[in-house]
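Just so you know, the protein sequences line up as chains A and B, in that order. To convert, note that position 354 of the first sequence is 354 in my numbering; the numbers rise steadily by one, no gaps. Just remember that my numbering sits 549 ahead of the position in the second sequence, which is counted from 1. All residues carry an ideal CB built from backbone N, CA and C; glycine is no exception. The structure displayed is predicted, hence computed values, not measured ones.
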Amino acid sequence: MKLAGKPFDGWSSVALVLTGGYLFMVVWPLVAVLLSSVTNAQGFSLDGFATFFSSRLYYGTLVNSLMVTICVTVLAFVIAFPLAYFMTMFRIPGNRTIQVLILASMMSPPFIGAYSWILLLGNNGIITRWLKDTAGLEAPSIYGFAGIVLVLTLQLVPLIFTYLMGAWRTLDVSLLEAAESMGVTGWRRALKVIAPLLLPTVLGGSLLVFVRAFADFGTPMLIGQGFRTIPVLIYSSFVGEVSIDRSFAAAVAVIVIAVTLGVFLLQKFIVDRRTFSMTALRPIEATRLSGWGGWLIYAYVYGFLTLALAPLLVVVVSSFRNTLYGQFVAGFSLKNYVTAQRDIWRYITNTFSIGITALILLVIVAVLVSYLTVRRKGALTGTLDTMTMVPYVVPGLIIGIALITAFSQPPLVLTGTFAVMVLALAIRRLPYAVRSTTALMYQFSPSIEEAAISLGASKSRTLVQVIIPALAPGILSGAVLSWVTIITELSTTLFLYNTSTQTLSLGIYAQVIRGQLGTAAALSTILLVLTMLSLVLLMRMPGGKEIRV
Amino acid sequence: MTRIALQSLRKEYAGQVAIPDLNLAIGDGEFFTLLGPSGCGKTTLLRMIAGFNSIEAGTISFDGTVINDRPPAQRNIGMVFQNYALFPQMSAAKNVGFGLQTRKISKAESERRVEQALASVRMAHLKDRLPGQMSGGQQQRVALARALVIEPALLLMDEPLSNLDAKLRVEMRDTIRQAQREAGITTVYVTHDQEEAMAVSDRIAVMNLGVVQQVGTPPQIYRRPANRFVAEFIGKTNLLERDLLRHDGKAVIELGSGYTLDVSGLLGPAASGRVQVSVRPEAVKAAASGLAAEVLDETFLGSHSQVRARLQSGEIVEFLEFSRRSALWKGGETVFLEIDPEQLTFFDAQSGVSIMQEPQD
């Protein structure tokens, strides 16, 4: 048998077990959703799809989602490109700190941004009140389309910015000089030389922005109000705010997956033929700025930073304000933390126990899968690699639905358990973890492994004593990054938790929905502090300098 | 101490034959080199001996025991890689001790042997360094110590010097040769560098397209190449195609008008017909009379010059000039060349196989 490119051995068994696990835990639940979308009580039926396209109330959400997503994707790029360009080409004071802060704003939970804008511009928001009290003006509303676009754009600019910074770093100065020596300068150089080289990165980053914006649930749920996007529709039809119609929810989920998959394939189609391998021997050196242009550039960079960080600051400050029946009143104290301390402890304990378990599972699977796909190229490992990428195009909300659909009746009932939370979070993050570990594995020379084997080490000993320790810095920094996304994840676990498995991010969501704004602010602050501490840890790790998200 | 026998060995990659049918015998304690251009199958063969490549047919035996199905970890080999392949997270001493650890050797004994092995490659003072803090040459020394410390039955080296700069390569090959002699371990060494191969080897197998072209000591291979490929691959040579003439029972070859050489002593009595003569550059010498040629250019290389000249037949001959003249030759000057018949090799013009009389040397 040559399932994994070499004669059958321990690694082939690992490949078989992983494939089996994946088929059962990821593929089967998604197939179950697909089946549920085309069946009703009587058998085969396309009613779910028919309902969706029959009423504007339903298909309108798809239009809304697409509008929001396209606006956010374009805006995020338009804002991030100059930002990355300025940061690369010019000497901006505090460059390193700015990059860390932008990363931090990206890593903060998306719904905290939305929640914070409610605190600022909501019906009873700080700015709203201030404008009304001082000038008698009506503040622009944060609710609806514009608010969602604002919050998501601010949230996702850092994502594509990080991608672009990475791409600039691989651009060798000599390429620019070569263009210049041939008389191609300025805008022509930007268009003819730089743009094509950055295109794969821009498209890759934009895809990620698109997928996240399209799948985001927390933001439109908190500030969408009348403006409903498709994840909100899935949520409400699945939990039965309107009516319990699982077949309908499944149909909508299938439509969402189809859209994401379509965009993903389109991006792949464009990028695959235009990918270059570059390493900059001499990266671009930043030049000093002067004059009015310089001040404008500073204003742009610092302006964005302020806008991106302000919401976080607002949340932290608000958490110390006094509240009455959940609403903020005058005065500052620690009451929000004290009154909810029992809940807070429960959330924190759950966040750590579930998060760490998921992280361990995630790292183990990612290391094994990436080893197999890099070292044991074969039919089985190829399939495994493709399967691990599946959750990449499946929004978190739908992973939750899929797990419920598949594991809510015997033989295996997982809903409401600790296990299902762990599973969902691990599955959600797996494509990213596998990709980053695979990149590490590719840099690791196979002869190091052969050296160990030639010295008499067994395959498992080689893995444990040589490969993993050698890759440990990279694996660890990847794990910290995964940890941050796990603790800030909301939509994946939204259908799966109960009070005994409620995490911090789920707690914040529940408190905001219940109108307990003070407790929500306190929880958000704790989550932010946790996130920041993790990022500081990451920055101090040997492999943590080059962040790939 | 191990004898290695490779019999009717065959290697295929996805239906493509890399090594059709290969036989070799390597003696106890011998330093044996597989030499050939890239893609000739030398590394493939080495990895088959190591156990990292599958064997499609034939056998590999160590001391008469077939080890085809023995996994690499149990073949008791020491291996040195082109990219050093040191474990990046372990210090030099830990790297060297790794193989001892898997062999469950006591800590004290292990420490002693690690120390000794590092000392033998003059790396004892850097035993706590991580690979990232060492130069390429230092890393390769540690890798050599790591391979030798386990007292392997067989030492395998895959282009161990090709990542090092020229000066270090020369220094390092002496270290390798010395360490191998001291340990007396049978060694199979892979390289594409013929000078390196000649410097270190007891015997060399020249390979091309998965086929062994010739096996012999460095002088045998250089002086009596078995075929045209070996003559051209090892060192430089000028190939001149001529008719072998028979006069009064003597074999004579006419290299230019009026310049003939008696080569009877070199060839068997049956040799005749169209031949190719391999003339090494050092077999040619400028003289007062001889084969007339027109100088094309001269490249000064310090200890000697390299001169290219065109024969009247139009063929271009390269030769070495050791005399200490004050001025170089100019293009267009006429020179007369004298050729030492003892240093010629003859090949059948059609098959390219040597027609030299056996035995030689």
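| Check | Outcome |
| --- | --- |
| Residues bridged to R857 (chain B) (per DSSP) | B:D846 and B:E867 |
| Any C-beta of chain A under 8 Å from that of Q727 (chain B) | no |
| Distance between V529 (chain A) and T349 (chain A) (C-alpha atoms, nearest Å) | 15 Å |
| Neighbouring residues, chain A, relative to I915 (chain B) (Cβ below 8 Å) | For chain B, the structure presents residues 550 to 910; residue 915 (chain B) sits outside this window and is missing. |
| Cβ distance (whole Å) where L62 (chain A) is taken to contact I230 (chain A) below 8 Å | 5 Å |
| Distance CB(V393 (chain A))-CB(V211 (chain A)) smaller than 8 Å | yes |
| Span of the beta strand (DSSP E) around S757 (chain B) | Sequence check: residue 757 (chain B) is Asn here, not Ser. Taken as a continuous stretch (DSSP letters only), the beta strand (DSSP E) holding N757 (chain B) covers R752 to N757. |
| Bridge partner(s) assigned by DSSP for L703 (chain B) | B:I626 and B:T735 |
| contact_flag[the stretch 152-165 of chain A, the stretch 65-84 of chain A] where n(CB pairs < 8 Å) is 3 or more | yes |
| Cβ neighbour criterion (16 or more within 10 Å) applied to P109 (chain A) | buried |
| Span of the beta strand (DSSP E), counted from its first residue to its last, around G805 (chain B) | K799 to G805 |
| Within-8 Å CB hit, T614 (chain B) to chain A | no |
| CB-CB length for A835 (chain B) against V884 (chain B), believed under 8 Å | 5 Å |
| Cα-Cα separation between A694 (chain B) and V645 (chain B), rounded to whole angstroms | 6 Å |
| E781 (chain B) - DSSP class collapsed to helix/strand/coil | helix |
| Top-ranked residue by Cα proximity to V824 (chain B), from B:T592, B:S854 and B:D897 | B:D897 |
| Which of helix, strand or coil DSSP assigns to V884 (chain B) | strand |
| Short Cβ contact (8 Å threshold) for R857 (chain B) with G784 (chain B) | no |
| Where R722 (chain B) falls, given that 16 or more other Cβ within 10 Å makes a residue buried | buried |
| Against chain B: residues of the stretch 364-390 of chain A by CB proximity under 7 Å | none |
| Own chain partners of R552 (chain B) with C-beta closer than 8 Å, once the 5 adjacent residues on each side are dropped | A574, I575, G576, D577, F611, D612, G613 and T735 |
| P283 (chain A), DSSP secondary structure in three states | strand |
| Minimum Cβ-Cβ distance from A253 (chain A) to chain B less than 8 Å | no |
| Contacts around G331 (chain A), its chain only, beta-carbon distance under 6 Å, and the 5 residues preceding and following it disregarded | N322 |
| Stretch-stretch touch, CB-based, cutoff 8 Å, three pairs: the stretch 661-674 of chain B with the stretch 586-598 of chain B | no |
| Cutoff 8 Å: A439 (chain A) Cβ touching any chain B Cβ | no |
| DSSP state of T551 (chain B) mapped onto helix, strand, coil | coil |
| CA nearest to the CA of L305 (chain A), picked from A:I98, A:L66 and A:L30 | A:I98 |
| Distance between V239 (chain A) and S408 (chain A) (C-alpha atoms, nearest Å) | 14 Å |
| Classification of Y509 (chain A) by the beta-carbon crowding that lies within 10 angstroms, buried from 16 upward | buried |
| S711 (chain B) to T740 (chain B) span [Cα, whole Å] | 8 Å |
| CB contact check: Q687 (chain B) to chain A, cutoff 8 Å | no |
| Minimum Cβ-Cβ distance from E790 (chain B) to chain A less than 8 Å | no |
| Neighbour list for R678 (chain B) in chain A, Cβ cutoff strictly below 8 Å | Neighbours of R678 (chain B) on chain A: none; closest Cβ ~16 Å, over 8 Å. |
| Residue-level contact to chain B via CB, A4 (chain A), 8 Å cutoff | Note that A4 (chain A) scores a pLDDT of 46, beneath 50, so its modelled location is shaky and nothing firm can be said. |
| Buried versus exposed, by CB contacts within 10 Å (16 or more), L697 (chain B) | buried |
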